[in-house]
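Quick mapping for you: the protein sequence lines, in order, are chains R and W.
Per numbering that gives the first Met the number 0, residue 0 is the first one in the first sequence, and the count goes up by one each step.
Per numbering that gives the first Met the number 0, residue 0 is the first one in the second sequence, and the count goes up by one each step.
Working notes for the structure below.
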Amino acid sequence: MTSGASHGPDSPVVRVAGFRKRYKKHVAVDGIDLTVNKGEIYGLIGPDGAGKSSLMKAVAGVLTYDEGVVEVFGITVDSEQAAERIKSRIGFLPQGLGLNLYPELSVEENIDFFADLHAVPRDMLDRRKAGLLALTKLDRFRDRPMKHLSGGMKQKLGLICTLIHEPELAVLDEPTTGVDPVSRRDFWSILSELVQEKGMTALVSTAYMDEAERFHHLSFLSNGKVLASGAPAKVRAAVPGFVATFEVASQREAITRLKQSFRQVDSFGPSVRVFIDGDDQVEARRRVAAAVGDLACSVISVSEPELEDVFASLLLQRAGRREPPGPVQAGAAAYDCGEAAIEAEALTRDFGSFRAVDHVTFQVKQGEIFGLLGANGAGKTTVIKMLTGILPPTAGTGLVAGADMQTAARSIKERIGYMSQAFSLYLDLTVEENIRLFAGIYGLDRRATTERLRWIVAMAGLSGYESSVTGRLPMGVRQRLALGCALVHGPRVLFLDEPTAGVDPLGRRRFWDLLAMLAREQGVAILITTHYMSEAEHCDRLALMHAGRIVAEGSPADLQRQVRREAGSLFEVVVDQPGRALTRLQGAGFLVTALYGTKLHFFCRDRDQDKACARRVLEESGVNVLSVNERPLSLEDVFVYRIMELERVERPFGQTVGA
Amino acid sequence: MKGNGLGGSEAVRVWALRLFVMTRKELLQLGRDVPLLLFLIYSFSLSVYISGAGMMMQLNNAGLVVHDGDRSESSRELIHRFHEPYFRFDGEVHDPRMGLERLDRGTSMLLLDIPPRFHEAIMAREPVSVQLQVDTTNAPQGLSAASYAARVVGEFSFDLTSSRLIGASGGRMDVPIVESAHRVWYNPNQDETWLQSIAHLLRMITLFAFLLPAAALVREKEHGTVEQLLVAPVTPLQIMLSKVLAMTLVVLVSTMGAVAIILKPVFGVPVKGSFALFLILTALYSFTMAGLGLFAATVTRNQAQIGMVSLLVIAPMLLLSGITTPFEAMPSWVQSLMALSPLRYFVDVTYGILLKGVGVDVLWDSILAMVLLGGMLFGLGMWRFHRQFE
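Have a look at this one:
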């Protein structure tokens, strides 16, 4: 590298200054500065359309830009020639599950192809391939065509193909979107191991707020600008505050009262969650109690805010004081809380020899928000399609809004609202035209249409957008419009298939606000699927799906309690040799759920005894333990634990066949 | 069947309302698609004009080179008879091989070779022949040129004979002569622009009647909006029928525009029959083609694929249904295959009404064939639409 002479060992791997990118009139990235240092995992976090992909493509040398400087390894990437010079030293994984791979080729053929592209010598290739396949646990599937891999496996293969030439810099665009939590954790473990062992640097983007902790350094992006940047702890410190959580008898009333003094108030299942500015915990508790007033409520628990709270807070600051109008109060419809709105009984669906849904049974009552969680391909969408009458089941029965889905699919359609995964309204029609279209489809007459139109515009906060073409609206607004259209005929049951994918945190919260209002005040039964584990907390009840089956069911608190009872509490240990620590802890019988950076998560049955035991095991083997702390159990931990348990039960069979 | 609690008239109202809002939606969407609109307008106006004015199949301006080995009064007389607009005199060559070379290069089309002693032979009343070499790479044009040239030579010979006879018999021609007195019907001036402009209008109707509904349906599949419709209480029949209605309307309006703006005023095409009947049958034809288009849309996944399928389906139909080439002249297997092409019947209908001025009494069999084909294709499309989501 001739001109790399000025590029010393300590100079940044990537330096971006004043970066701007326009697509026609739309400004995608509007002046971004960032510096990625060697050996770092640098995270870009933000919703769809924040400008992450444009920035990453420019760094990888596959996108031209309008203004600013992009330097990689000290080389200014401003021309084809410059891009060619850095390409052999970087690995780029574009967005989309396995999009860079060839579906017909086998796992091994895919890897060989990418190695040949970079002219990796044969012996070196064999060595690296063996190592990476073992690390990703893909070695058993060498000959399997890529199209038959699960989403998580595809993404791991994508990572191997990106890293097979051992690049100094890996540019990974949303590598974990749509991947199940277990594969996601594996993914981060692999990445942090490679970064530590090979001294690689990684620039990674994500839409999951809860992954922010995995980065050494992160930047929050929104609308093409950086909202905050720094180490996770530093970003958190930038917005001092606490989160208060408590249960209260009349949740809606409490939220209305709290909203007058606080900007971030959410309903989490039966409880209420408030973000309070300031750094005095006692004061925070006092302010919440004052705002709630005479409503009977449980003990207010106060905790550190999540990064998502911080991001939402920053977005609110930017948006200024202009609080969008809250949901309108519609006359509370009379409904019977105990009435079952959805009953699924042993639902099963086969596609050829593949069983997508396997004896799924659950019940959703009127006024309840029921969450179906699981990775892409777990069978969530198929369940919804069967219940809405699009897809006939292979076996089993389902009752929706009092109608049998096999005999009365047509009456079901008139009584339910449905909002699908991708935004499924007409982008070339205006907001009002879309609403009128669906009003007509549901047979509303002119007067009823005008009335519902007014209600939807008020409820979803769409006023001012009525005659805008839908395609030009921000994601959050579109999602609320889609919800409005699904509600045009006042259905008693609402199906939502990953409605919040790609929406920014504020938009997501606003959306959940609406759902809570619908369920609590109108008694609408809501079945929702999501792969944002952090969102699942909003649901009254949850079912975790894995490989077509429900593996756990209950309220979020129940699910956490069950795991705590079975496996104990979750601890986080920070060490200097995480790889070694992992094998030691597993060897000593600890259940390790995650490894990233220098941190490991593991379960302890007995808080004090096991904690001491773990520390001893690690220190005896020469691992330097920096800290051991208990961590609150998240729903993602619950999910990962459940799946690891399942795999532990299933594996012996698989292995006897192999051996 | 869609009772569930609704009264009869209420059920009909809701059914009609659904169809109406869906049809209006299609029109709104088309109205927002500016590039497609521009393409549509161009196809039914300027492109019809260009085809009418530019596509000439009659012999026109055929290049002629002459090797005159005689250079006599008679040879000059013969050469002068090859005149415009049919022929273009490209000059003389001294060697017939140079003439052939011009044919090879394609700069001229005919080589007339007049032998030495041509005039002498005529004067001596001996039989004599001239040689004509014709480039028939483009077979119809070549044949046409050859037959025109043969006629020119024939007339030259006839004139020589008759003047000789008249001179000999003192003013009376005393030999039997059969003259062909022909009358040209339907297109008395044999104005080719009529055929070409109508033919092009037929092509455009075919293309858009197929492509517009097909693209509309496949776009719903691509964007996932069809899922939203499937969980709503609209039947597949309503989804498909609304597209057919909207797009048929668009095709009808465009056709009316093309006839009113281009065919009648620019080319003077007479609309001899009932224009209303023509529009009704155009609607029937659009419906038939839409059925085919929707069927194609159910077996494809995106707009690029539908583009490819349309090439595959539409191109042979346009070429083999007898728009500009006589259907009867095609091999019998092509004819029986094209019995399935709705265009084959619409061609008869269009020329019949616009140029011949005939009505239902003559066209009933073509109309019946279109109704049957349309019903079949639409039914097939519906069946596939049901199937593809299972």
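Beta carbons are placed, not taken as given, at the ideal position from N, Cα and C, and that holds for glycine.
Hey, is residue i's beta-carbon within less than 8 Å of any beta-carbon in chain R?
i, result
"W/Asn217", "What sits at residue 217 of chain W in the sequence shown is Val, not Asn. It does not: the Cβ of W/Val217 has no partner Cβ on chain R nearer than 8 Å."
"W/Ala231", "yes"
"W/Lys24", "yes"
"W/Gly7", "no"
"W/Phe19", "yes"
"W/Gln304", "no"
"W/Arg31", "yes"
"W/Leu27", "yes"
"W/Val13", "yes"
"W/Thr224", "yes"
"W/Gln195", "no"
"W/Leu16", "yes"
"W/Gln132", "no"
Three-state secondary structure (DSSP) at residue i?
i, result
"W/Met239", "helix"
"R/Glu432", "helix"
"R/Gln576", "coil"
"R/Glu108", "helix"
"R/Asp403", "strand"
"R/Phe72", "coil"
"W/Gly374", "helix"
"W/Phe345", "helix"
"W/Tyr48", "helix"
"R/Leu96", "coil"
"R/Thr347", "strand"
"W/Pro325", "coil"
"R/Glu565", "helix"
"W/His79", "helix"
"R/Gly330", "A caution first: R/Gly330 carries a pLDDT of 44, below 50, which makes its placement in the model too unreliable to give a value."
From the DSSP output, which residues share a beta bridge with residue i?
i, result
"R/Pro364", "Before going on, a small fix: residue 364 of chain R reads as Lys here, not Pro. BP columns for R/Lys364 point to R/Ala339."
"R/Gly463", "Looking at the DSSP assignment, R/Gly463 forms no beta bridge with any residue, so it has no partner."
"R/Asn628", "R/Glu571"
"R/Ile275", "R/Phe241"
"W/Gln195", "The partner list for W/Gln195 (beta bridge, DSSP) is empty, contrary to what the question assumes."
"R/Cys538", "According to DSSP, R/Cys538 bridges with nothing at all."
"R/His488", "Paired residue(s): none; R/His488 is not in a bridge."
"R/Leu171", "R/Leu92, R/Val203"
"W/Ala61", "W/Phe86"
Going along the chain, which residues of its own chain have a beta-carbon closer than 8 Å to the beta-carbon of residue i, five neighbours each way excluded?
i, result
"R/Arg354", "Thr347, Arg348, Gly547"
"W/Phe209", "Met288, Ala289, Leu291, Gly292, Ala295, Ser309, Val312, Ile313"
"R/Thr75", "Val68, Val69, Ala81"
"R/Gly397", "Ile341, Glu342, Ala343, Glu344, Leu346, Met385, Leu386, Asp403, Met404, Gln405"
"R/Phe186", "Gly151, Gln154, Lys155, Leu158, Pro174, Thr175, Val178"
Just checking: is the beta-carbon of residue i within a distance shorter than 8 Å of some beta-carbon in chain W?
i, result
"R/Leu436", "yes"
"R/Tyr425", "yes"
"R/Arg354", "no"
"R/Gly489", "no"
"R/Arg348", "no"
"R/Tyr640", "no"
"R/Pro498", "no"
"R/Leu661", "No answer is possible for residue 661 of chain R: the residues shown for chain R start at 0 and end at 658."
"R/Lys23", "no"
"R/Glu432", "yes"
Here's a check: name, in chain order, each residue in its chain whose Cβ is nearer than 6 Å to the Cβ of residue i, leaving out the five neighbours to either side.
i, result
"R/Ala14", "The sequence given here has Arg at residue 14 of chain R, not Ala. For R/Arg14, where only same-chain residues beyond five positions count, the Cβ hits under 6 Å are Thr34, Glu70."
"R/Ala593", "Arg184, His600"
"R/Gly90", "Thr161, Leu162, Pro166, Ala169"
"W/Phe86", "Ala61, Leu63"
"R/Thr244", "Ser270, Arg272, Ser300"
With a threshold of 7 Å on Cβ separation, who are the neighbours of residue i within its own chain once the five nearest residues in sequence on each side are excluded?
i, result
"W/Ser241", "Leu18, Met21, Thr22, Glu25"
"R/Gly45", "Lys51, Phe219, Leu220, Ser221"
"W/Tyr185", "Leu354, Lys355"
| request: Inspect the CB distances between the stretch 440–458 of chain R and the stretch 373–380 of chain R and report whether three or more fall short of 8 Å. | output: At 8 Å Cβ cutoff, the stretches do not touch.
Cβ contact (3+ pairs, closer than 8 Å) linking the stretch 410–430 of chain R and the stretch 214–224 of chain W
Segment contact: the stretch 410–430 of chain R against the stretch 214–224 of chain W, three or more CB-CB distances shorter than 8 Å; contact assigned.
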